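If you count by my numbering, then the sequence shown holds residues 5 to 508, one letter each, in order. All residues carry an ideal CB built from backbone N, CA and C; glycine is no exception. Just so you know, these numbers come straight off a predicted model, no measurement behind them.
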Amino acid sequence: MTDAVIDYDEALATYDPVMGFEVHVELNTDTKMFCGCATVFGAEPNSHVCPVCLGLPGALPVVNGKAVESAIRLGLALGCDIASWCRFARKNYFYPDMPKNFQTSQYDEPICFDGHLDVEIPAASGEGTETFRVEIERAHMEEDTGKSLHVGGATGRIQGAEYSLVDFNRAGIPLIEIVTKPIEGAGDRAPEIAKAYVATLRDLVKALGISDVKMEQGSVRCDANVSLRPIGTEKLGTRTETKNVNSLRSIERAVRYEISRQAAILDGGGSITQETRHWHEDTGVTTAGRPKSDADDYRYFPEPDLVPVAPAAELVEELRGTLPEPPAQRRKRLQSDWGYSDLEMRDVINAGAIDLIDESVAAGATPAGARKWWTGELARRANVEGKAIDEFNVTPAYVAELDGLVKGGRLNDSMARQVLEGVIDGEGSPTQVADARGLELVQDDGALEAAVDKVIAANEAIAAKVRDGKLNAAGALIGQVMKELKGQADAAKARELILAKLTG
């Protein structure tokens, strides 16, 4: 049964939302956190397992050094303090996807703590952006669980399933969990800030190169905590935790829904249950999961099979020197270099095309041309097919080649779109596709002039308007010239010739 909700604006007139996020990032190391098993997404179930990640008696773990370095680099990028000494702990609970009946994590001594992440959101004035700072409580290392598959139900969840299967390939995959402090002061922009925070964190992780950040594959998973308190009060309300929200759009919607749902309960004189909740993308609602345990319920205690981690100061400074340019700073620099407006840059960011455009420009494309193809035709097709724009057979070098064919006068935009379709379909490079399909603008000025004369003679009424100074009417004549030459005319040259004949 769906819970009652009230209007979002009505909820915000009475209550102040407080948020918190736990974001789990799967690291792209070659091997798991505590054993040598490979980390391969989509492999045959239970094909990358061993006594350590299956929790068999007598198996001893060994810490993955690359995972430790990745955690330190992320902590430094978040402005965290890096612990000179930290250790792992056992988080004890029973669930079928955790074969050891405990998860090796970190508890009171994480490797990274006390950081922050500045996120940019559109300014309330509607012009430019403003910055909202999210304080980071900690970033700690842990291992992932196995993956459950519930078979026979209508929803893919355990409720109603006939039986469940578990794939332990994911068990032991290295994770970093980034935990925020309570996020206060967001007000009615809480859902927007939630989305911006996860997007900014994802971009930072991607820039560091420590994860592929594919949310649809579970490489980044977000748990969203939401509570309400009456406006003007300081005591935090009871929070709910919506688990494993797997897209930026869903994060925004889930936070918005929880605010409206909790406000309806409080307005009705009820109280909020501290619990986990599940987000349903299809219906846009959350449903109750299980009562939320406090940390003590997990009976944390130090992991006796692992020595503490004590990164040397020299190592930390060496890793600091490997940090990339911060994504926000890079975006501003590239926007200036490319000459994009704020709106154009926002389109690029929304399409996830910054790196692709940067590589295309480096390969010889003009900034305008690279943006046109990545955020235009390719983004449109990706949206229709439910893909990311980098999943097609189109490389930045191909976009640069296509842009060169247009700028060099061989193709017009219409032809270029046909060429792009051929590239996507695997027919070859842009030049190869253009050659195979016989696509090339008419270079014979005599043929173009003959077509213009024919069109003018056949459309005297329109030609008269152009002679009278109504230059916009020339568009109809240009279209007829294009039709006459089967789309292989240079529209700019055709316009120039038409105006010369009718107004010159």
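I'd like to know whether the C-beta atoms of residue i and residue j end up nearer to each other than 9 Å.
| i | j | result |
| --- | --- | --- |
| residue 206 | residue 224 | yes |
| residue 504 | residue 455 | no |
| residue 315 | residue 213 | no |
| residue 85 | residue 117 | yes |
| residue 409 | residue 382 | no |
| residue 17 | residue 269 | no |
| residue 344 | residue 95 | no |
Would residue i be called buried (16 or more neighbouring beta carbons within 10 Å of its own) or exposed?
| i | result |
| --- | --- |
| residue 120 | exposed |
| residue 105 | exposed |
| residue 33 | buried |
| residue 387 | exposed |
| residue 166 | exposed |
| residue 308 | exposed |
| residue 60 | exposed |
| residue 97 | exposed |
| residue 114 | buried |
| residue 132 | exposed |
| residue 384 | exposed |
| residue 347 | exposed |
| residue 156 | exposed |
| residue 110 | buried |
| residue 36 | buried |
| residue 553 | The requested residue 553 is not part of the displayed model; the chain covers only 5 to 508. |
| residue 487 | exposed |
| residue 221 | exposed |
| residue 318 | exposed |
Helix, strand or coil: which one does DSSP assign to residue i?
| i | result |
| --- | --- |
| residue 138 | strand |
| residue 407 | helix |
| residue 293 | strand |
| residue 19 | strand |
| residue 145 | strand |
| residue 420 | helix |
| residue 507 | helix |
| residue 168 | strand |
| residue 382 | helix |
| residue 125 | strand |
| residue 435 | helix |
| residue 107 | strand |
| residue 259 | helix |
| residue 238 | coil |
| residue 42 | strand |
| residue 500 | helix |
| residue 10 | coil |
| residue 85 | strand |
| residue 309 | coil |
Could you check where the beta strand (DSSP E) with residue i kicks off and where it finishes?
| i | result |
| --- | --- |
| residue 180 | 178–184 |
| residue 152 | 151–155 |
| residue 95 | 93–96 |
| residue 232 | 224–234 |
| residue 245 | 244–249 |
| residue 280 | 279–284 |
Considering Cα atoms alone, identify which of the options is closest to residue i.
| i | options | result |
| --- | --- | --- |
| residue 483 | 410, 502 and 369 | 502 |
| residue 366 | 9, 405 and 242 | 405 |
| residue 123 | 198, 176 and 88 | 198 |
| residue 40 | 13, 69, 47 and 49 | 69 |
| residue 500 | 491, 492 and 475 | 475 |
| residue 42 | 178, 425, 20 and 17 | 178 |
| residue 210 | 412, 12, 331 and 403 | 331 |
| residue 302 | 99, 50 and 13 | 99 |
| residue 54 | 413, 343 and 103 | 103 |
| residue 262 | 21, 175 and 62 | 21 |
| residue 185 | 175, 250 and 24 | 24 |
| residue 459 | 47, 344, 174 and 506 | 506 |
| residue 47 | 173, 218 and 66 | 173 |
| residue 481 | 465, 492 and 472 | 465 |
| residue 338 | 283, 364 and 324 | 364 |
| residue 29 | 152, 183 and 195 | 183 |
| residue 358 | 318, 400 and 321 | 400 |
Under DSSP, the alpha helix (DSSP H) around residue i begins and ends at which residues?
| i | result |
| --- | --- |
| residue 469 | 464–471 |
| residue 342 | 331–342 |
| residue 199 | 194–212 |
| residue 190 | Unbroken run through residue 190: none, as it is neither H nor E. |
| residue 349 | 346–354 |
| residue 364 | 358–366 |
| residue 74 | 69–81 |
| residue 274 | Careful: residue 274 lies outside any alpha helix (DSSP H) and carries neither H nor E. |
| residue 376 | 371–376 |
| residue 58 | Here residue 58 belongs to no alpha helix (DSSP H), and DSSP marks it neither H nor E. |
| residue 323 | 317–324 |
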